[in-house]
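A.B. asks: What follows is a structure written as C-alpha cells; I'll ask about it next.
There are 2 protein chains.
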Amino acid sequence: MSAERDFLDSYDPTAFPPVAVTVDVVALTVRGGVLHVLLVERGGPPFADRWALPGGFVREETLDAAAMRELAEETGLRPGEGPLGALHLEQLATYGDPGRDPRMRVVSVAYLAFAPSLPDPRAGGDAAGAAWVPVDRAVGLAFDHDAILADGLERARAKLEYTPLATAFVPGEFTIAELRAVYAAVWGEEPHAGNFHRKVLSVPGFVESTGETTGRGGERGGPRSRLYRSGDARLLHPALLRPAREDSVR
Amino acid sequence: MSAERDFLDSYDPTAFPPVAVTVDVVALTVRGGVLHVLLVERGGPPFADRWALPGGFVREETLDAAAMRELAEETGLRPGEGPLGALHLEQLATYGDPGRDPRMRVVSVAYLAFAPSLPDPRAGGDAAGAAWVPVDRAVGLAFDHDAILADGLERARAKLEYTPLATAFVPGEFTIAELRAVYAAVWGEEPHAGNFHRKVLSVPGFVESTGETTGRGGERGGPRSRLYRSGDARLLHPALLRPAREDSVR
DNA sequence: TTAATAGTGTCTTTCAGACAATATTAT
DNA sequence: ATAATATTGTCTGAAAGACACTATTAA
C-alpha cells in the first residue's frame, strides 16, 4: 500500500522498532461484601503460572471493543447478553514502559470494568484458569499488573464519590443497604447507615423508587427495604465524599 | 530474536496488522487572560495545511518521556531547563479507532500539559509552523484532535477543582488575582474576588506566603498585592467547586 | 480627587456527620 | 420477647456564596 509506504519511509525505520498494542482489563465486582478482581492464570512464559489481568491483542476494532471482547471471552458471556449488558467499561490509562514485557515493546491500554456479581468465570483463550480474587490477595501479578490494578482501584474509589457508579455493582433493583455495601467494600470503610440513606435519596437523579419492597426483611430481622433502580444522573451533586485521610492530601 | 519469534508465532499474524504508537500533547497556557493551546501546522498530507496537536512516534523511551520530548521540540525548550522545569505533564487518554489515521492503524497516547506563559514556539521537526492558539479558535483540527482537545479541556477544568494545578499556569511567585485569572480563563467564568481570595488562603497547603508584595499596584490603581508560591498540598481539601451547571449533571 | 482593586467582615443557606428515636420484622 | 435493621428526626459545625466595607494606590 503506497500511502503506508510513504508514511513509513518518511521516518528512519530503525528508530521505530515494532510495537504491539494490547488491552488489559481491571474488572471489579463485589461478592459477599468483598471487592474482587477478575484474574487469569498464565499458561506459558513469561510469568508462567502467575496471575495476571485478562487481556490480549487489539484487532481490527476500537480499543473499547477490544476490551469488551477480552472481558467477554474470560467471563464466558457475550456483550449485551445477560448481566454484561449493564456492565460499565471505561478506559483507565496506558502503560508502555520499555521492558514491561520482556519479549518486545508492548503498549497496553488498560480498562476498568464494574459488574454486578457474576458467576465464576470459565477459562478462556490461552489462560490456564480464571477466577474472581479478593483485591487484598491480588498481589504479585505478572508484568506491571500490580500497578495497573492499584491505579484501577484508586479510580474506582474516586468515581464512587462523584458519579452513580456504585449502581453498576448491584442488580437492576436494589436496596439502599446493598448500595451502602458497595461503598463499604470499595472504600474499605462502612458509611454511617442513617446519614448514607438520607444522602443517597437527597442527591437528584442518583436513584429512583420502584414503589416495591423486598419480599422479606434481613436474615436476622428488621423491616423490609424499599427497592430502587438507578436514576438518570451522570454526576452526583453534591458528591458523596470519602472521609479525607489527612496523609493522602499532601 | 527467538523470544520475540515465539511470541509472534503463537498468534495468527494476519489478525494483528502493524500498529504505530504515537503521543499527542494538549499543551495549555494562559496568555492575557485567555486559555491557549499549542498547535502545529501540518506540512504534508494527510490534512496538509491543517492545524494539529503536536506529537510524534514513540521511540525507545517511556510514554512520558516521549510526550516531554515532543513538547520540548515544539517549544524549542529542553526539559528541566527554563520554565519547562515547572511544567506539569500527565497522561490524558488513548485514542485508537481504526481509521482515525487514513494511512495505517495508529494508536495515540494523548498527554495534557500545563505551562506558565511561554514565548512563541519555533517550528520544529516536520511542522510547517507552531503557535499558541486561543482554545475558542482551535477547531477543525486534523485527525480526531478536536475530540482530544475537548477531553483535555474537560480534564483541565475538573482538575482545577480538586488539585492545586492552577499554580502550574503562573510563575513561581504570584498574586491571588493572578491565580483567579487562571480559574477565570479555564472555567470561562470569573470567580467572586472576595470569596475566592478567602477560599484559596483557607485551603491547607494550596499556597504559602512569601512575605513580599508586588512592586506596585494595578494598572488603574489599587493596593499592592501580597505574593505567594505554591504550597505542598497535592489535593485541595475542601475543593474549589465550579458552579454546577444543572444540564451537565444529567 | 477619582476609580480600581486587595483584602476582610458578616450573614444566610446548604450540607456533612454525630447521634437519637421510631417502626418493622426474623428468630 | 429480643435483636436487628430500615428509615426518619434533630442538632452542630463546616463551608459556599452573596454582599458590604475598608484600605491602598495609579492616574
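Here the protein sequences come in this chain order: A and B.
To convert, note that position 27 of the first sequence is 26 in numbering that gives the first Met the number 0; the numbers rise steadily by one, no gaps.
To convert, note that position 94 of the second sequence is 93 in numbering that gives the first Met the number 0; the numbers rise steadily by one, no gaps.
All C-beta atoms in this analysis are idealised placements derived from N, C-alpha and C, irrespective of residue type, glycine included.
With 7 Å set as the bound, which would you pick, yes or no: does the beta-carbon of P97 of chain A sit closer than that to a beta-carbon of chain B?
C.D. replies: Yes, P97 of chain A lies at the interface with chain B (some Cβ there is under 7 Å from its Cβ).
A.B. asks: Do D150 of chain B and T61 of chain A count as a contact pair if the criterion is CB distance below 7 Å?
C.D. replies: Cβ distance not < 7 Å, so T61 of chain A and D150 of chain B don't count as in contact.
A.B. asks: With a 10 Å radius around its C-beta and 16 neighbouring C-beta atoms as the bar for buried, classify G55 of chain A as buried or exposed.
C.D. replies: The residue is buried, with at least 16 neighbouring Cβ atoms inside 10 Å.
A.B. asks: Roughly how many whole angstroms lie between the Cα atoms of D11 of chain A and G128 of chain B?
C.D. replies: Any reading at D11 of chain A needs caution, since the residue's pLDDT is 49, under 50, leaving its predicted position unreliable; the model's value is listed next. In a straight line, the C-alpha of D11 of chain A is about 22 Å away from that of G128 of chain B.
A.B. asks: Expressed to the nearest angstrom, what Euclidean distance is found between the alpha-carbon atoms of R241 of chain A and Y161 of chain A?
C.D. replies: Cα to Cα, the separation comes out at about 10 Å.
A.B. asks: Give me the residue from A:E218, A:L34, A:H191 and A:P163 with the minimum Cα distance to L257 of chain A.
C.D. replies: As shown, chain A starts at 0 and ends at 249. That puts residue 257 of chain A outside it, with no answer to give.
A.B. asks: Give me the chain B residues within the contact set of L62 of chain A, using Cβ-Cβ distance strictly less than 9 Å, ordered along the chain.
C.D. replies: Correct list: T93, Y94, G95, D96 and V106.
A.B. asks: Extract the residue ranges of the alpha helix (DSSP H) inside the stretch 191-246 of chain B, only unbroken runs of 4 or more that lie entirely within it.
C.D. replies: As far as the stretch 191-246 of chain B is concerned, its whole alpha helix (DSSP H) runs of at least 4 residues are 192-201.
A.B. asks: Go through its chain and collect everything with a Cβ distance to A65 of chain A's Cβ below 6 Å, but skip five positions before and after it.
C.D. replies: So the list reads V22 and V57, once near-sequence residues are dropped.
A.B. asks: Verify the CB distance criterion: does E59 of chain B have a CB-CB separation below 7 Å to chain A?
C.D. replies: E59 of chain B counts as touching chain A.
A.B. asks: Classify V108 of chain B as helix, strand or coil using the three-state DSSP reduction.
C.D. replies: The answer is strand: DSSP assigns V108 of chain B an E or B state.
A.B. asks: Spatial neighbours of V20 of chain B within its chain, please: C-beta separation below 8 Å, excluding the five flanking residues on both sides.
C.D. replies: Around V20 of chain B: F56, V57, V105, V106, S107 and V108.
A.B. asks: Can you give, in chain order, each stretch of the beta strand (DSSP E) that sits fully within the stretch 114-196 of chain A and has at least 3 residues?
C.D. replies: DSSP runs (the beta strand (DSSP E)) wholly in the stretch 114-196 of chain A: 126-133.
A.B. asks: Which first and last residues belong to the beta strand (DSSP E) in which R267 of chain A is found?
C.D. replies: Because residue 267 of chain A is not part of the residues shown, which for chain A are 0 to 249, the question remains open.
A.B. asks: So the alpha helix (DSSP H) A66 of chain A belongs to, where does it begin and stop?
C.D. replies: Run containing A66 of chain A: L62 to T74, per the alpha helix (DSSP H) assignment.
A.B. asks: Helix, strand or coil for A47 of chain B? Go by DSSP, reduced to three states.
C.D. replies: The answer is coil: DSSP assigns A47 of chain B none of H, G, I, E or B.
A.B. asks: Below 8 Å on the Cβ atoms is my guess for L91 of chain A versus R154 of chain A; work out the distance and round it to an integer in Å.
C.D. replies: Right, their Cβ atoms sit about 6 Å apart.
A.B. asks: Tell me, to the nearest whole angstrom, how far the beta carbon of T174 of chain A is from that of L226 of chain A; I am working on the premise that it is less than 8 Å.
C.D. replies: Contact holds; Cβ gap of about 6 Å.
A.B. asks: Which residues in chain A sit within 8 Å of V18 of chain B, going by Cβ to Cβ distance?
C.D. replies: Near V18 of chain B (Cβ distances below 8 Å), the residues of chain A are V18, A19, V20 and V57.
A.B. asks: Between F205 of chain B and the rest of its own chain, which residues show a CB-CB distance below 7 Å, the 5 nearest in sequence each way excluded?
C.D. replies: Within the same chain, F205 of chain B has close Cβ partners P163, V199, G230, A232 and L235.
A.B. asks: Compare the C-beta of H191 of chain A against all C-beta atoms of chain B and say whether one is closer than 7 Å.
C.D. replies: By this cut-off, H191 of chain A is not an interface position.
A.B. asks: If the cut-off is 8 Å on Cβ atoms, which residues from the stretch 186-216 of chain A count as contacting chain B, listed in chain order?
C.D. replies: Against chain B - using a Cβ distance shorter than 8 Å - the residues of the stretch 186-216 of chain A are P203 and G204.
A.B. asks: Expressed to the nearest angstrom, what Euclidean distance is found between the alpha-carbon atoms of E40 of chain B and P133 of chain B?
C.D. replies: Looking at the two C-alpha atoms, the distance is approximately 15 Å.
A.B. asks: Please report the straight-line C-alpha distance between G221 of chain A and V33 of chain A, rounded to a whole angstrom.
C.D. replies: Between G221 of chain A and V33 of chain A, the C-alpha separation is close to 23 Å.
A.B. asks: Whole angstroms are fine: how far does the CA of D63 of chain A sit from the CA of A26 of chain A?
C.D. replies: For A26 of chain A and D63 of chain A, the distance between alpha carbons rounds to 14 Å.
A.B. asks: Classify M0 of chain B: buried if its beta carbon has 16 or more other beta carbons within 10 angstroms, exposed otherwise.
C.D. replies: Low confidence applies to M0 of chain B: its pLDDT is 45, below 50, so where it sits in the model is not reliable, and the reading given next is rough at best. Burial call: exposed.
A.B. asks: Beta carbon of R99 of chain B: closer than 6 Å to some heavy atom of the ligand FMN?
C.D. replies: With respect to the ligand FMN, the structure offers nothing, as it holds no ligand at all.
A.B. asks: Which residue comes first and which comes last in the beta strand (DSSP E) that contains D96 of chain B?
C.D. replies: Neither: D96 of chain B is in no beta strand (DSSP E) and is coded neither H nor E.
A.B. asks: Would you kindly check if the distance between the Cβ of D143 of chain A and the Cβ of R179 of chain A is under 7 Å?
C.D. replies: In this structure, D143 of chain A does not lie closer than 7 Å to R179 of chain A by Cβ.
A.B. asks: When we look at the beta-carbon of T209 of chain A and count the other beta-carbons within 10 Å, is it buried (16 or more) or exposed?
C.D. replies: Flag for T209 of chain A reads exposed.
A.B. asks: What are the boundary residues of the beta strand (DSSP E) that includes V57 of chain A?
C.D. replies: Element bounds for V57 of chain A: n/a, residue is neither H nor E.
A.B. asks: Do P115 of chain A and F168 of chain A have their beta-carbon atoms positioned less than 7 Å apart in this structure?
C.D. replies: Cβ atoms of F168 of chain A and P115 of chain A: closer than 7 Å.
A.B. asks: Take T28 of chain B as the anchor and find which of B:G193, B:T213, B:V202 and B:L111 has the nearest alpha-carbon.
C.D. replies: Measuring from the Cα of T28 of chain B, the nearest candidate turns out to be B:L111.
A.B. asks: What's the C-alpha gap between D8 of chain B and K158 of chain A?
C.D. replies: Bear in mind that the predicted position of D8 of chain B carries a pLDDT of just 47, short of 50, making it unreliable; the figure below should be weighed with that in mind. C-alpha separation (whole angstroms): 40 Å.
A.B. asks: What does a CB cutoff of less than 6 Å around E89 of chain A pick up in its chain, not counting 5 residues either side in sequence?
C.D. replies: Excluding positions up to five away in sequence, the list reads L111.
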